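Protein chains in written order, with the working numbering: chain R, 122 to 425; chain X, -12 to 259. Beta carbons are placed, not taken as given, at the ideal position from N, Cα and C, and that holds for glycine. Since we're looking at a predicted model, the values are computed, not measured. The structure under discussion appears below in the form of structure tokens.
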């Protein structure tokens, strides 16, 4: 054993060298794949926004030309506006899923099956979800029938065909599919709240709403930060449900940033411009995450 | 009495919520089971009567659905296998070995959770074109072959393996490779199962990336294939609904048998 203690390069023992090499051999396949398909693309993609590139001819440097073009691009502003509007889904989703988590955070009989039922939309393919809701939301579809039966609607509406409603209809479906996912995040958060806190408040004569508002909710802040950040990023990048349900229409009213990137990059092979769009979207995502962090880390809204 | 009333009320509320989340799926099944009666129009026929499996037969024999199934099974199998092997290899030294650069590798992996992945999409598309992997299964699978979430999940599991087990093997002269394979992996099977499950659901439902990479319909997985069929068979909603049901049933069955993994594992892997 002593013989192997002979110093290798940099004064490190040979044995340590061996251990290091073995460690990196274990890491190598994963790091290589991540390098090619995760790290390199982000760096190269950002650089690509400064070039004209269509795969066929070699890239040509154009500087900030794409960003200047973006500024005057009508479709960019439409897409950007729609993606920002889509953020409306975030607060609604948080409020509803916190409520849902509170409702299933009780050890009543059969609660497991209710949780499962609420989670089903999460594991259902977005294509199935999109098609299904497309049929439900038809002018002569079931949803209109039910709403009219309940007296909430006088005449049937083509939800996805109406330029003023289509985006909100898609947001509703996003909400429906996401509820269960955020419910699980908040459920984990609620189960981390020590019951003594709530009990103490109840003994002090607080009502159930007061306990929830002033004890449970502030303790839930880390979960809210996590869930709202995930959900805001997803909202800005929304694509799949739009692609399946409306194809960006009617009249570009559901055309989002990611849709534009998809069209430019993969349909028209204008990859430089698509990369510029992607960089703008990334900037928006980072800005939003930073804002979110500020609000929920420092707890601004609980002390207004 | 008031107590009982509250319980009834609570269950009524829970049932109403369950109706909201499951009604669309039930309606889908109801469409798929009918051969007569309208899908659209008022009043809609809620129950499929008489129920029939004819649509399933139609969609299975006249549409390339079996092919899509096979493609999906293959893609899911490859995705799960690659992730299990590559993530457990990478997670092992991160959890149980000391070596220079460990912190850096860890930080690098953490950073991917914040990296704007959608920029990468464009470059990955170019990379695949260059490697002549456009319109191939390898092109669909490789970019997702290592999930960073998986590495963190398995690292967490490796950390919990008792040191004595490792020491015992080391005294017997086992190599790191043997320890990883014979000592560690058998102990962390629950975590491996959880990762396999998440990966399976993710690949089964994957849509955007196969849509970008694949060009030939005969290579489509279920999601992309179903959308393609819904365009081709727009007049036959019932058959498309039957296809959608067939795509969803396996996932729901898997989910119902393993729901505790979903309810727990989701947050176990989240890094905060």
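Alpha-carbon to alpha-carbon, residue j and residue i
i, j, result
"residue 174 (chain R)", "residue 375 (chain R)", "27 Å"
"residue 309 (chain R)", "residue 361 (chain R)", "28 Å"
"residue 8 (chain X)", "residue 248 (chain R)", "16 Å"
"residue 182 (chain X)", "residue 247 (chain X)", "13 Å"
"residue 44 (chain X)", "residue 276 (chain R)", "37 Å"
"residue 343 (chain R)", "residue 406 (chain R)", "19 Å"
"residue 334 (chain R)", "residue 217 (chain R)", "15 Å"
"residue 172 (chain R)", "residue 224 (chain R)", "53 Å"
"residue 98 (chain X)", "residue 78 (chain X)", "16 Å"
"residue 124 (chain R)", "residue 135 (chain R)", "Per-residue confidence for residue 124 (chain R) stands at a pLDDT of 44, beneath the threshold of 50, marking its modelled position as unreliable; the derived number appears in the next sentence. Cα to Cα, residue 124 (chain R) sits roughly 10 Å from residue 135 (chain R)."
"residue 118 (chain X)", "residue 129 (chain X)", "12 Å"
"residue 154 (chain X)", "residue 175 (chain X)", "17 Å"
"residue 144 (chain X)", "residue 178 (chain X)", "6 Å"
"residue 214 (chain R)", "residue 346 (chain R)", "13 Å"
"residue 193 (chain X)", "residue 58 (chain X)", "12 Å"
"residue 194 (chain R)", "residue 232 (chain R)", "51 Å"
"residue 53 (chain X)", "residue 47 (chain X)", "6 Å"
"residue 229 (chain X)", "residue 265 (chain R)", "23 Å"
"residue 13 (chain X)", "residue 290 (chain R)", "20 Å"
"residue 190 (chain R)", "residue 156 (chain R)", "32 Å"
"residue 203 (chain X)", "residue 156 (chain X)", "51 Å"
"residue 222 (chain R)", "residue 27 (chain X)", "35 Å"
"residue 377 (chain R)", "residue 398 (chain R)", "11 Å"
Residue j beta carbon less than 8 Å from that of residue i
i, j, result
"residue 258 (chain R)", "residue 280 (chain R)", "yes"
"residue 271 (chain R)", "residue 367 (chain R)", "no"
"residue 56 (chain X)", "residue 209 (chain X)", "yes"
"residue 409 (chain R)", "residue 357 (chain R)", "yes"
"residue 111 (chain X)", "residue 179 (chain R)", "no"
"residue 121 (chain X)", "residue 115 (chain X)", "yes"
"residue 365 (chain R)", "residue 216 (chain X)", "no"
"residue 413 (chain R)", "residue 312 (chain R)", "no"
"residue 205 (chain R)", "residue 292 (chain R)", "no"
"residue 137 (chain X)", "residue 66 (chain X)", "no"
"residue 151 (chain R)", "residue 106 (chain X)", "no"
"residue 386 (chain R)", "residue 109 (chain X)", "yes"
"residue 133 (chain X)", "residue 73 (chain X)", "yes"
Collapsed DSSP secondary structure at residue i in the structure displayed
i, result
"residue 125 (chain R)", "Residue confidence is low: residue 125 (chain R) scores 46 on pLDDT, short of 50, so the model does not pin down where it sits. No coordinate-derived value is stated."
"residue 331 (chain R)", "helix"
"residue 358 (chain R)", "coil"
"residue 191 (chain R)", "helix"
"residue 374 (chain R)", "coil"
"residue 139 (chain R)", "helix"
"residue 149 (chain X)", "coil"
"residue 175 (chain X)", "coil"
"residue 126 (chain X)", "helix"
"residue 229 (chain R)", "coil"
"residue 222 (chain X)", "coil"
"residue 245 (chain R)", "coil"
"residue 397 (chain R)", "helix"
"residue 282 (chain R)", "coil"
"residue 312 (chain R)", "helix"
"residue 133 (chain X)", "coil"
Beta-bridge partners of residue i, as assigned by DSSP
i, result
"residue 417 (chain R)", "Paired residues: none, contrary to the question."
"residue 173 (chain R)", "R:181"
Per-residue contacts from residue i into chain R (C-beta, under 7 Å)
i, result
"residue 217 (chain X)", "252"
"residue 199 (chain X)", "387"
"residue 163 (chain X)", "143"
"residue 86 (chain X)", "140, 141 and 144"
Chain-ordered neighbours of residue i on chain X, where CB pairs are closer than 7 Å
i, result
"residue 236 (chain R)", "250"
"residue 166 (chain R)", "106, 107, 109 and 110"
"residue 361 (chain R)", "194 and 195"
"residue 147 (chain R)", "76, 77, 79 and 80"
"residue 259 (chain R)", "27"
"residue 262 (chain R)", "27"
"residue 266 (chain R)", "29, 30 and 31"
Contacts that residue i makes with chain R (C-beta to C-beta distance below 8 Å)
i, result
"residue 105 (chain X)", "358, 379, 382, 399, 402 and 403"
"residue 139 (chain X)", "Correct list: empty, because the minimum Cβ distance to chain R is about 12 Å."
"residue 0 (chain X)", "224"
"residue 171 (chain X)", "Chain R residues near residue 171 (chain X): none, gap ~11 Å exceeds 8 Å."
Contacts of residue i in chain X (Cβ-Cβ under 8 Å)
i, result
"residue 371 (chain R)", "Ordered by position in chain X, no residue passes the 8 Å Cβ test against residue 371 (chain R), which lies about 17 Å from the chain."
"residue 301 (chain R)", "8"
"residue 314 (chain R)", "What residue 314 (chain R) touches in chain X: nothing, since even the nearest Cβ is about 14 Å away."
"residue 239 (chain R)", "4, 5 and 8"
"residue 186 (chain R)", "Under the 8 Å cutoff, chain X gives no residues; its nearest Cβ is about 17 Å from residue 186 (chain R)."
"residue 323 (chain R)", "Within 8 Å Cβ-Cβ: nothing; residue 323 (chain R) doesn't reach chain X, min ~16 Å."
"residue 247 (chain R)", "192, 194 and 210"
Per-residue contacts from residue i into chain R (C-beta, under 9 Å)
i, result
"residue 73 (chain X)", "150, 151 and 154"
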